[in-house]
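Using the numbering used here, you'd call the opening residue of the sequence shown number 8 and step up by one each time. Reading through the structure tokens given below for one structure.
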Amino acid sequence: MLNKFVVVDLETTGNLSKKGDKIIQFAAVVIENGHITDKFSSLINPQKMIPAFIEELTGINDEMVKDAPLFSEIAEKVMSLLDGAYFVAHNVLFDLSFLQEELIQSGCEGFFGPVLDTVEMARILYPTADSYKLSDLAEKEKLNHDRPHQADSDAQVTAELFLILLKKISSLPQITIGQLSQLAGGLKSDLQQLLDELVDTIVKKREELPESIEVYNDIALKKKFVENEIKSVNKDAQQYPSSEEDKIEIIKHGFQFFEKRSGQFLMMDTVYESFQNQRHTLIEAGTGVGKSLGYLLPIAYFSKEHNLPIIVSTHTIQLQEQILKKEIPLLDKILPFKICSVLLKGRSHYLSLEKFHQTLMDENDNYDTTLTKMQILVWLTETETGDKDELNLSSGGLIYWNKIKDEPTVFKPNQGWQERDFYLKAKRKAQAADIIITNHSLLISDLIGEGSILPKADYVIIDEGHHLQKVASQFFGFSLDYLSSRLLIGQFGLYEQKQLFYELEEMLSSIPEQERNLMHSFELNGMVMDLNYEMDEFFKLIALFAKTKVTNKKGLNRIKVRFSHADSGKERNALVHSAERFTFLLKDLFSAINDRLELIKKEKYSLTSLEEKKIEEIYTFINELGEMRNTVISCFIKDSKDVKWIEMDTRSPQNVTTFIAQPAFVAEQLKEKFFSPKKAVVLTSATLSVNNSFNFIIKEVGLDAVSSVQMKISSPFQYKDQVQLFIPEDLPEINTVTMDEYVIAITEHIITIAEATKGRMLILFTAYDMLKKTYELIKESGFLNEYVLIAQGISSGSRTRLTRNFQRYDKAILLGTSSFWEGVDIPGEDLSCLVIVRLPFSPPDEPLTEAKCQLIVQQGGNPFTEYSLPEAILRFKQGFGRLIRTEQDRGIMFVFDRRIVTTKYGKSFLKSIPAIPIKKGTIDELVEFIHTWL
8 MLNKFVVVDL ETTGNLSKKG DKIIQFAAVV IENGHITDKF SSLINPQKMI PAFIEELTGI
68 NDEMVKDAPL FSEIAEKVMS LLDGAYFVAH NVLFDLSFLQ EELIQSGCEG FFGPVLDTVE
128 MARILYPTAD SYKLSDLAEK EKLNHDRPHQ ADSDAQVTAE LFLILLKKIS SLPQITIGQL
188 SQLAGGLKSD LQQLLDELVD TIVKKREELP ESIEVYNDIA LKKKFVENEI KSVNKDAQQY
248 PSSEEDKIEI IKHGFQFFEK RSGQFLMMDT VYESFQNQRH TLIEAGTGVG KSLGYLLPIA
308 YFSKEHNLPI IVSTHTIQLQ EQILKKEIPL LDKILPFKIC SVLLKGRSHY LSLEKFHQTL
368 MDENDNYDTT LTKMQILVWL TETETGDKDE LNLSSGGLIY WNKIKDEPTV FKPNQGWQER
428 DFYLKAKRKA QAADIIITNH SLLISDLIGE GSILPKADYV IIDEGHHLQK VASQFFGFSL
488 DYLSSRLLIG QFGLYEQKQL FYELEEMLSS IPEQERNLMH SFELNGMVMD LNYEMDEFFK
548 LIALFAKTKV TNKKGLNRIK VRFSHADSGK ERNALVHSAE RFTFLLKDLF SAINDRLELI
608 KKEKYSLTSL EEKKIEEIYT FINELGEMRN TVISCFIKDS KDVKWIEMDT RSPQNVTTFI
668 AQPAFVAEQL KEKFFSPKKA VVLTSATLSV NNSFNFIIKE VGLDAVSSVQ MKISSPFQYK
728 DQVQLFIPED LPEINTVTMD EYVIAITEHI ITIAEATKGR MLILFTAYDM LKKTYELIKE
788 SGFLNEYVLI AQGISSGSRT RLTRNFQRYD KAILLGTSSF WEGVDIPGED LSCLVIVRLP
848 FSPPDEPLTE AKCQLIVQQG GNPFTEYSLP EAILRFKQGF GRLIRTEQDR GIMFVFDRRI
908 VTTKYGKSFL KSIPAIPIKK GTIDELVEFI HTWL
């Protein structure tokens, strides 16, 4: 590299240079000919106080900068460093704007050379990275980043990262670099200039493509290695190792230190016998049993012996990844034969190479689309699956993905693309696989005939089986939300907006007027305007109806409101009339567009590939329009037995309004469509039983209690030595005080417990509003300022990202609601204290709960004991399972809800978890005990 790059980092008194914020530290690292040749850093006197939060972040205080030079004293040095160089920074616009302001104030001209942003470069070159924060990228590349938020340390790490990024660019195929360069004009930095220089200086000297890359239709792809498409029958199929000694002999090959787990062996035998005897089975396997291997080993043998595919379905992506990346490689290591396994997702998860190729050089892309195209070009040289979940896309990138995802086509696809099609490749692999890993959503959508992708399989394992009923309810129901509806209709647009409507009319323009016999385009334009207006009215009326129902929910922002045919009143009538008008307009628009498409197909003898692509897009659009119409009819016009409700954020009803319809119970549908046709299904989870009985889950999913095998395998952990359960007696009974009073009381306790346990706390709430109020009160109190507070719905990021951030800090407190009660795996000292704020009963006015309870009453049952209590106990067991993840873990658990000891049903919660010591007392007494125990 012949260029000069200066990597800059600044620490400042705030974010706004125009409002008087100043630089307090400047650092630069000079790179020439691919090597670091010079460094410069200096503290700077900002001539103003450094705010406390900046001091906390950077470690730089007023005392440290009082004798430092003013920026004007180092301005000449800075200009000489930058002379003839690229200006490089991590989030370059921030550093550059500050520096320009200070340089100009110092009487210098400022910097007007080319700039590069390592955030932008990393997003393009690491399209699958979880995060683009400097500290996360440094960790990914194993760079030593000892003092984050100090300019000299940050500049050094950014320079090292930049050199790695340069190396990565120059290793890309020449054709990819050329395409990146064509797109880079739409970026915020001058990457285009760098890419052009790279092609001229380095890439052209390279002789040929790397071994792993092929180029088809000007796109560089990871080479498709020949797949073994034909499934070989294993002539020497091994016998399943029925004795304990045989199992030990096989399994010990996979472990450096093998430890016999009797529970795991019992599970293996139960799964194998269930398949052999063709019986549906429920297995509750406690934490530490080794559940995944407990079913994978027997199904591998069964599959090979009978030459049959077996489906393994999970609820979460995390578990799928764990099975694929950890358990399957272990299985390959220990089995005396080879197995073929594949992960299969719904069709829209896969990239359509043909659509991507067609849209690659479209004009007028926005920034997000340009960046996403560049990410995908790099990703295609690495990915074997073409699965969207590998990518880290922005929200704008996800909108572009909808244009390039794999979908059924109207026209015959290009043969070359077909041979390389990711979706077809996944499907072919699934047809040849012994074990197919998928998720509950795809499993259920396959049942209700949404374009079958899974091969026929009579034997299924359902891991995280307690979620099956919930997922089935969603799939047998309907959902309609404002943002998606608006986006969908916006794809067609008005004529003057030059979207699909304009493109449709352009294709029609070559057909003579007299042969058309169609609605005029101005009439169609009017229809689209009417539809947009009616859609807005429709969602306004949904919000209005919801607001009339929530008089007793003052202060709540997120609301759920039941909608039933028994409702009356002018708001409901207005809503139903609007739904009728909306469906008529949807039908009219569908017909008008379909007539145009039919005419084009009939009259136009040859279509360009671009026109074919547009017609495909329009067909996809009208199919989705038809689905939307069916949903509106099912929810508002047909008198179905589904439970219907509205979910809304009262602060922003225009953006966050969803209408949902779901069956209250799906047991009959699951029995008829899933369990009856299958020969054997094994449902497993750490939480299937309530009070040692499987009756609740059996009833929920539609299994037969008499013919199903039921097995409970306890955890091998010594819970009585590893866990202490504390119940404070100086908290008010939750139902006797207002929420605000309860929040004040528990906040005091949380602060006391955090100080005793030094953080590392997970606090589980049942409602977001209480979580938010508690978080705000802890913050306001100032008592836990040295702790990192991470709160779901307040701190940004997915559940996985929040959990990872929690594990990164020594003193951290994580506040979570629903999704944190399960599936969060925080082993060891990363989590030493779990707090359950209240017993996890669903609110009685929650629409689905209310409807289920009403049905149970109608059938003469007791809704509390038959539904509300068992459901809460299962959730409680899930929450408890977060604390102890390994045999070495120790931890304490607080339950703030005193109903666990003051009510009869409280005993049922305690009976459903392993026997552990329970301590009751005031918070001060309990804290004394924490100190001695921890």
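Ideal Cβ placement from N, Cα and C applies to all residues, glycine included. A quick note: this is a predicted structure, and the numbers were derived from the prediction, not measured.
Chain-order list of residues whose beta-carbon lies under 7 Å from that of residue i (same chain, five-residue window excluded)
i: Ile-801; result: Lys-779, Tyr-782
i: Ile-734; result: Val-902, Arg-905, Ile-907, Val-908, Ile-925, Lys-927
i: Ala-761; result: Met-768, Leu-791, Tyr-794, Ile-820
i: Lys-230; result: Ser-219, Ile-220, Glu-221
i: Ala-712; result: Asn-702, Ile-705
i: Ser-239; result: Note that Ser-239 scores a pLDDT of 45, beneath 50, so its modelled location is shaky; the value from the coordinates is reported in the next line. None.
i: Leu-69; result: According to the sequence as given, residue 69 is Asp; it is not Leu. Met-56, Ile-57, listed in sequence order.
i: Glu-391; result: Lys-229
Sequence-distant residues of its chain with Cβ nearer than 6 Å to residue i (five each side left out)
i: Gly-301; result: Gln-271, Met-274, Met-275
i: Val-583; result: Phe-643
i: Leu-413; result: Residue identity differs from the one stated: residue 413 is Asp in this sequence, not Leu. Hits under 6 Å: Arg-354, Tyr-357, Ser-359, Tyr-430.
i: Gln-676; result: Phe-483
i: Ile-237; result: The pLDDT assigned to Ile-237 is 39, lower than 50, so where the model puts this residue is not dependable; a value taken from the coordinates is nonetheless given after this. Same-chain partners within the cutoff: there are none.
Between the CA atoms of residue j and residue i - distance to the nearest angstrom
i: Ile-1012; j: Phe-597; result: Outside the shown range of the chain (8 to 941) lies residue 1012, about which nothing can therefore be said.
i: Gln-285; j: Glu-312; result: 15 Å
i: Ala-464; j: Gln-438; result: 10 Å
i: Gln-112; j: Ala-550; result: 53 Å
i: Lys-242; j: Phe-309; result: Confidence in Lys-242 is poor, its pLDDT being 45 and thus under 50, which makes the residue's placement unreliable; the coordinate value appears in the next sentence. Roughly 14 Å separates the two Cα atoms.
i: Asn-235; j: Glu-829; result: Confidence at Asn-235 is low in this model, with a pLDDT of 44, below 50, so the placement of that residue should be treated as unreliable; the coordinate-derived value is given next. If you take the alpha carbons of Asn-235 and Glu-829, they lie about 38 Å apart.
i: Asp-881; j: Ser-849; result: Contrary to the premise, residue 881 reads as Leu rather than Asp in this sequence. Distance between the alpha carbons of Leu-881 and Ser-849: 12 Å.
i: Ile-923; j: Gln-327; result: 32 Å
i: Ile-899; j: Lys-267; result: 28 Å
i: Asp-197; j: Thr-208; result: 17 Å
i: Ile-741; j: Tyr-749; result: 7 Å
i: Asn-446; j: His-473; result: 13 Å
i: Arg-806; j: Glu-530; result: 48 Å
i: Lys-547; j: Asn-637; result: 20 Å
i: Leu-150; j: Lys-765; result: 29 Å
i: Leu-592; j: Gln-814; result: 52 Å
i: Thr-810; j: Leu-771; result: 13 Å
i: Ile-99; j: Ile-67; result: According to the sequence displayed, residue 99 carries Val and not Ile. One C-alpha to the other measures close to 22 Å.
Same chain, Cβ closer than 8 Å to residue i, neighbours up to 5 away in sequence not counted
i: His-756; result: Pro-735, Leu-738, Phe-901, Phe-903, Ile-930
i: Asn-580; result: none
i: Ser-281; result: His-287, Thr-288, Ala-687, Val-689, Val-716
Element boundaries [beta strand (DSSP E), containing residue i]
i: Lys-927; result: 925-928
i: Cys-840; result: 840-843
i: His-447; result: No beta strand (DSSP E) contains His-447, which is instead part of the alpha helix (DSSP H) from 447-454.
i: Glu-471; result: First-last for Glu-471: undefined, no H or E at that position.
i: Thr-44; result: 42-50
i: Trp-828; result: Looking at the DSSP string, Trp-828 is not in any beta strand (DSSP E), and its letter there is neither H nor E.
The alpha helix (DSSP H) enclosing residue i, as first and last residue numbers
i: Leu-405; result: 402-411
i: Ser-683; result: Neither: Ser-683 is in no alpha helix (DSSP H) and is coded neither H nor E.
i: Pro-336; result: 335-341
i: Gln-245; result: Gln-245 -> no alpha helix (DSSP H), and no H or E assigned at all.
i: Ser-915; result: 913-918
i: Met-746; result: 746-764
Any non-hydrogen atom of the ligand ADP closer than 8 Å to residue i Cβ
i: Gln-157; result: Here there are no bound small molecules, and the ligand ADP is not part of this structure.
Residue-level contact to chain C via CB, residue i, 9 Å cutoff
i: Met-381; result: Although the question refers to chain C, the structure presented lacks it and comprises just one protein chain.
>> If contact is defined by three or more beta carbon pairs under 8 Å, each pair taking one atom from either stretch, is the region 877-893 in contact with the region 838-856?
In response: yes
Is the region 475-491 touching the region 653-670, taking contact as three or more C-beta pairs under 8 Å?
yes
Q) Quick one: any contact between the region 120-129 and the region 158-172, if contact means 3 or more CB pairs under 8 Å? A) yes
| said: Is it the case that the region 46-54 contacts the region 136-147, given that we only count it when at least three CB pairs across the two stretches are under 8 Å? | reply: no
Checklist line | Every unbroken alpha helix (DSSP H) inside the region 189-225 [4 residues or more] | finding: 198-208
| message | Pairs of beta-carbons, one from the region 497-510 and one from the region 685-703, closer than 8 Å: are there three or more? | response | no
Exercise. Which parts of the region 593-641 are runs of the alpha helix (DSSP H), unbroken and 4 residues or longer, counting only runs that do not cross its ends?
Worked result: 616-639
Check: How do the region 187-194 and the region 371-380 stand: do at least 3 beta-carbon pairs fall below 8 Å, yes or no?
Finding: yes
Check: Are the region 74-84 and the region 112-121 touching by the rule of at least three beta carbon pairs closer than 8 Å?
Finding: yes
(message) With three or more beta-carbon pairs closer than 8 Å as the criterion, would you say the region 380-389 touches the region 397-417?
(response) Segments in contact, yes.
Which complete alpha helix (DSSP H) runs does the region 491-547 hold, if anything under 4 residues is left out? Unbroken alpha helix (DSSP H) stretches of 4 residues or longer found wholly inside the region 491-547: 507-515, given in chain order.
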